[in-house]
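**Student:** Before I ask anything, here is the structure I am working with.
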Amino acid sequence: SPSLSDLAAAKGIRFGSAVAGQGGGSWRNPALADLLKRECSILVAENEMKWQAIRPSPTAFDFAAFDDIARFAGQTKMALRGHTLLWHRSKWMPRWLEKHDFGPQPATAAARLMANHVETVCARYNGKITSFDVVNETVLPEDGILAQTALSKAMGSTEALVDLAFHTARMAAPGVELVYNDYMSWEPGNALHRMGVLRLLEGFRKRGTPVDALGIQSHLIAPVPDAAYQREWRRFVDEVVAMDYRLVITEFDVRDRDLPVDIPSRDRTVADTAKAYFETMLDYPQLRDVLAWGMVDAYSWLQGYEPRADKAEARGCLYDSHFRPKPVYAALAQAF
Ligand code: XIL
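The numbering of the sequence shown is the UniProt record's numbering, which starts it at 13 and goes up by one.
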């Protein structure tokens, strides 16, 4: 039967997944590598391009783990996304950055550090990475305002820092798709987060910041939200595309934490959640790439991040831990 990337390609969309550098979710796991080769035409490194991974110190870069992933993508003829050149959750930036001494001219020093980081990464993967999450999660979900970090404080403003990252990426990687990536989810209750993202996107357009697409992470939470919220979500996406942004689904999976534990019914609800979401999202011709955040339950970050209260295995990926496709796989195949 046709693979997900074959089915997606028929609609002009690429399908792919995150892949890890180590462990079962890594390209080093032959069974997973086979699955990725069969289903995917684009990859992204789950952690290996984050500052935490590639910036052991203010002056050093360590590209070893990411290079291995880039080599795997090259050998298997898969496209490659970059994730991420800047993240505004201090937790996912290196420790040293929080305590870094930016010296007597902090704004200049912070700008130099940011620009140098973007230039170095872009130059190294020139021609290999077709799309970058330049900035990840800079809008605070609680109130929709921009987050502050050591780097943005030194710079003087988060907007200035974020704009610099995009401008530098455009110069250093011309022709590459530049993405602002965030998780304003398929779930009610975070209207301020969505409004904050719209304000940020509006600001980019007003200031001429080169941003091509909104990355919608799509860590969905089952069950399917009610019809009123689904309309609200659609209005949000409508506003995004009206500002002339393309769309990328960057990190799809489904959190089943709140569902009754019974597996057949859980799998059904996860599938229904994905079905409703993709029916909406595939209406947008601006959507070009769909990436899952891992393909196999056993290796999903969901096992560790806010696990189920009853400790049952999370079942939010397309394949179960025995590499069998689940109803959510069929739902996505059908949606394509
Ligand atoms: C997650 C990884 O999957 C985990 O392995 C890591 O411990 C933390 O980060 N949004 C993002 C991704 O943009 O980078 C996150 O990835 C998941 C949420």
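All C-beta atoms in this analysis are idealised placements derived from N, C-alpha and C, irrespective of residue type, glycine included.
Only a predicted model underlies this, so the values are computations on that prediction, with no experimental measurement involved.
1. For residue 301, report the span of its beta strand (DSSP E) as first-last.
2. Out of 292, 301 and 328, point me to the one whose CA is closest to residue 16's CA.
3. CA-CA distance, residue 178 and residue 117?
4. Relative to the alpha-carbon of residue 149, which residue among 171, 133, 315 and 128 has its alpha-carbon at the smallest distance?
5. What is the rounded straight-line gap between the Cα of residue 285 and the Cα of residue 132?
6. Ignoring anything shorter than 3 residues, give me the beta strand (DSSP E) runs that lie fully in the stretch 129-165, in order along the chain.
7. When you measure from the CB of residue 95 to every non-hydrogen atom of the ligand XIL, does any distance come out below 7 Å?
8. Measure the C-alpha to C-alpha separation of residue 253 and residue 298 and round it to an integer number of angstroms.
9. Using a threshold of 7 Å, is the CB atom of residue 313 nearer than that to any non-hydrogen atom of the ligand GTP?
10. Might you give, ordered along the chain, the residues of its own chain that have their beta carbon closer than 7 Å to the beta carbon of residue 199, omitting 5 neighbours on each side?
11. Going by DSSP in three states, residue 221 sits in which element: helix, strand or coil?
12. What is the rounded straight-line gap between the Cα of residue 320 and the Cα of residue 307?
13. State the Cα-Cα distance for the pair residue 218 and residue 209, rounded to the nearest angstrom.
14. What are the start and end residues of each continuous beta strand (DSSP E) run of 3 or more residues lying completely inside the stretch 198-248, in chain order?
15. At the level of alpha carbons, what is the spacing between residue 100 and residue 159?
**Tutor:** With the structure as the only source:
1. 299-304
2. 301
3. 22 Å
4. 171
5. 40 Å
6. 141-148
7. yes
8. 7 Å
9. Of the ligands this structure carries, namely the ligand XIL, none is the ligand GTP.
10. 233 and 237
11. coil
12. 19 Å
13. 14 Å
14. 225-228 and 231-233
15. 6 Å
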